[in-house]
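According to my numbering, the sequence shown is numbered sequentially starting from 262.
Here a beta-carbon is modelled for each residue, glycine too, at the ideal position from N, C-alpha and C.
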Amino acid sequence: MAKQRGIVKFEGTMGDITFLKTKDGFMAKEISRVSKERIMTDPTYKRTRENMADFRTAAQTAKMLRLSLSTIVSNMKSDRLASRLFRAIYGVMKTDTVNPRGQRSALNGDLTLISGFEFNGTTPFSKSCMINIPVSVDRVSGEV
(Lines of atoms letter the chains of each structure in order from A and count residues from 1; the text may use other names and numbers.)
(Lines give C-alpha, C1' and ligand atoms only; values in the text may rest on other atoms or scores of the structure.)
Protein backbone atom coordinates (compact mmCIF):
# COMPACT_ATOMS: atom_id res chain seq x y z
CA MET A 1 0.00 0.00 0.00
CA ALA A 2 1.36 3.39 -0.92
CA LYS A 3 1.85 6.21 1.60
CA GLN A 4 1.08 9.80 0.75
CA ARG A 5 3.98 12.13 1.48
CA GLY A 6 2.75 15.33 -0.16
CA ILE A 7 0.96 18.35 1.23
CA VAL A 8 -2.47 17.34 -0.12
CA LYS A 9 -4.13 14.52 1.82
CA PHE A 10 -7.12 12.78 0.22
CA GLU A 11 -9.79 10.53 1.66
CA GLY A 12 -12.20 8.59 -0.55
CA THR A 13 -11.99 7.13 -4.03
CA MET A 14 -10.66 8.81 -7.13
CA GLY A 15 -10.81 6.68 -10.26
CA ASP A 16 -9.30 3.29 -9.39
CA ILE A 17 -7.43 4.52 -6.31
CA THR A 18 -8.87 4.60 -2.79
CA PHE A 19 -7.33 7.03 -0.31
CA LEU A 20 -7.68 6.40 3.41
CA LYS A 21 -6.35 7.61 6.74
CA THR A 22 -4.85 5.07 9.16
CA LYS A 23 -2.81 5.26 12.37
CA ASP A 24 0.26 5.20 10.14
CA GLY A 25 -0.88 8.21 8.12
CA PHE A 26 -2.61 8.62 4.79
CA MET A 27 -2.52 5.63 2.43
CA ALA A 28 -3.57 4.87 -1.13
CA LYS A 29 -4.53 1.50 -2.62
CA GLU A 30 -5.83 0.27 -5.95
CA ILE A 31 -9.36 -1.10 -6.21
CA SER A 32 -9.50 -4.87 -6.82
CA ARG A 33 -10.79 -6.00 -10.21
CA VAL A 34 -11.73 -9.55 -9.12
CA SER A 35 -15.19 -10.19 -7.67
CA LYS A 36 -15.71 -12.02 -4.39
CA GLU A 37 -17.89 -14.61 -6.15
CA ARG A 38 -15.10 -15.47 -8.58
CA ILE A 39 -12.52 -15.80 -5.81
CA MET A 40 -14.83 -18.12 -3.87
CA THR A 41 -15.68 -20.41 -6.82
CA ASP A 42 -13.02 -20.22 -9.54
CA PRO A 43 -10.47 -23.10 -9.40
CA THR A 44 -7.76 -20.57 -10.29
CA TYR A 45 -8.16 -19.03 -6.83
CA LYS A 46 -7.90 -22.29 -4.85
CA ARG A 47 -4.61 -21.21 -3.22
CA THR A 48 -6.17 -17.83 -2.35
CA ARG A 49 -9.04 -19.59 -0.57
CA GLU A 50 -6.56 -21.79 1.32
CA ASN A 51 -4.60 -18.72 2.41
CA MET A 52 -7.85 -17.01 3.44
CA ALA A 53 -8.77 -20.02 5.61
CA ASP A 54 -5.35 -20.03 7.31
CA PHE A 55 -5.56 -16.26 7.80
CA ARG A 56 -9.02 -16.61 9.39
CA THR A 57 -7.82 -19.39 11.72
CA ALA A 58 -4.77 -17.38 12.79
CA ALA A 59 -6.91 -14.31 13.47
CA GLN A 60 -9.42 -16.32 15.52
CA THR A 61 -6.65 -18.07 17.48
CA ALA A 62 -4.86 -14.80 18.23
CA LYS A 63 -8.13 -13.19 19.33
CA MET A 64 -8.98 -16.12 21.61
CA LEU A 65 -5.52 -15.99 23.20
CA ARG A 66 -5.65 -12.20 23.59
CA LEU A 67 -9.14 -12.30 25.17
CA SER A 68 -8.29 -15.21 27.49
CA LEU A 69 -5.32 -13.25 28.84
CA SER A 70 -7.06 -9.86 28.79
CA THR A 71 -7.29 -9.49 32.57
CA ILE A 72 -3.55 -10.07 32.91
CA VAL A 73 -2.34 -8.02 29.94
CA SER A 74 -4.89 -5.19 29.99
CA ASN A 75 -2.43 -2.81 31.67
CA MET A 76 0.49 -3.67 29.44
CA LYS A 77 -0.92 -4.03 25.93
CA SER A 78 0.16 -1.79 23.09
CA ASP A 79 -1.72 -0.39 20.11
CA ARG A 80 -0.15 -3.02 17.87
CA LEU A 81 -0.76 -6.04 20.13
CA ALA A 82 -3.45 -7.61 17.92
CA SER A 83 -1.36 -7.39 14.74
CA ARG A 84 1.87 -8.51 16.46
CA LEU A 85 0.13 -11.50 18.10
CA PHE A 86 -1.56 -12.41 14.81
CA ARG A 87 1.82 -12.34 13.03
CA ALA A 88 3.34 -14.61 15.69
CA ILE A 89 0.44 -17.11 15.58
CA TYR A 90 0.43 -17.12 11.76
CA GLY A 91 4.17 -17.85 11.81
CA VAL A 92 3.54 -20.83 14.10
CA MET A 93 0.74 -22.07 11.84
CA LYS A 94 3.04 -22.02 8.82
CA THR A 95 5.21 -24.65 10.53
CA ASP A 96 2.27 -27.09 10.82
CA THR A 97 3.32 -30.18 8.83
CA VAL A 98 0.35 -32.32 9.93
CA ASN A 99 -2.47 -30.47 8.15
CA PRO A 100 -2.68 -29.26 4.54
CA ARG A 101 -2.68 -25.56 3.65
CA GLY A 102 -6.07 -24.07 4.46
CA GLN A 103 -6.56 -26.39 7.45
CA ARG A 104 -3.40 -25.64 9.42
CA SER A 105 -3.50 -25.14 13.18
CA ALA A 106 -1.23 -23.36 15.62
CA LEU A 107 -1.39 -26.35 17.96
CA ASN A 108 0.34 -28.53 15.35
CA GLY A 109 3.01 -25.94 14.63
CA ASP A 110 6.27 -25.09 16.37
CA LEU A 111 5.00 -23.28 19.48
CA THR A 112 8.54 -22.42 20.54
CA LEU A 113 8.36 -19.61 17.96
CA ILE A 114 6.11 -17.61 20.31
CA SER A 115 8.25 -18.31 23.35
CA GLY A 116 9.15 -14.98 24.90
CA PHE A 117 6.41 -13.05 23.05
CA GLU A 118 6.07 -9.61 24.63
CA PHE A 119 2.53 -8.23 24.91
CA ASN A 120 3.94 -4.73 24.90
CA GLY A 121 6.43 -4.16 22.11
CA THR A 122 8.49 -1.68 24.13
CA THR A 123 8.21 -2.85 27.75
CA PRO A 124 9.14 -6.40 28.80
CA PHE A 125 6.47 -8.53 30.50
CA SER A 126 8.51 -8.77 33.71
CA LYS A 127 8.54 -4.95 34.04
CA SER A 128 4.83 -4.42 33.41
CA CYS A 129 3.12 -7.44 35.00
CA MET A 130 2.64 -6.68 38.67
CA ILE A 131 0.88 -9.82 39.89
CA ASN A 132 1.45 -10.55 43.56
CA ILE A 133 1.84 -14.31 43.96
CA PRO A 134 1.91 -15.33 47.62
CA VAL A 135 4.58 -17.91 48.40
CA SER A 136 4.74 -20.00 51.55
CA VAL A 137 7.63 -22.24 52.48
CA ASP A 138 7.31 -25.05 55.03
CA ARG A 139 10.87 -26.14 55.73
CA VAL A 140 9.79 -29.04 57.92
CA SER A 141 7.64 -30.75 55.26
CA GLY A 142 9.68 -29.38 52.33
CA GLU A 143 6.63 -27.93 50.62
CA VAL A 144 6.60 -24.63 48.78
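Separation of residue j from residue i, as counted between CA atoms
i    : j    : result
F316 : K270 : 31 angstroms
L346 : F380 : 8 angstroms
K420 : A320 : The structure shown does not extend to residue 420, since the chain spans only 262 to 405, so no value can be given for it.
T332 : A323 : 15 angstroms
R341 : G382 : 8 angstroms
L281 : P385 : 33 angstroms
T356 : I278 : 36 angstroms
D303 : Q364 : 19 angstroms
R327 : L368 : 16 angstroms
D371 : R348 : 14 angstroms
T309 : S293 : 14 angstroms
S329 : I268 : 44 angstroms
V398 : E404 : 6 angstroms
A343 : M325 : 11 angstroms
T305 : E298 : 12 angstroms
D285 : S339 : 15 angstroms
Endpoints, the beta strand (DSSP E) within which residue i is located
i    : result
G352 : Per DSSP, G352 belongs to no beta strand (DSSP E); it is in the alpha helix (DSSP H), L342 to M354.
Opposing strand residues paired with residue i [DSSP bridges]
i    : result
M275 : I278
D399 : E404
Nearest to residue i (by Cα), restricted to the options the options
i    : options                   : result
S366 : E311, S402, T318 and M275 : T318
M313 : V401, R362 and K282       : R362
G276 : I268, F287, E291 and R327 : E291
N360 : E311, G286 and V295       : E311
F287 : R294, E298, V295 and E272 : E272
N- and C-terminal bounds of the alpha helix (DSSP H) containing residue i
i    : result
N312 : K307 to S329
I300 : K297 to T302
Inset, instruction - Would you be able to state if there are at least three C-beta pairs under 8 angstroms between the stretch 347-355 and the stretch 367-377? - result: With a cut-off of 8 angstroms, the stretch 347-355 and the stretch 367-377 count as touching, because enough Cβ pairs lie within range.
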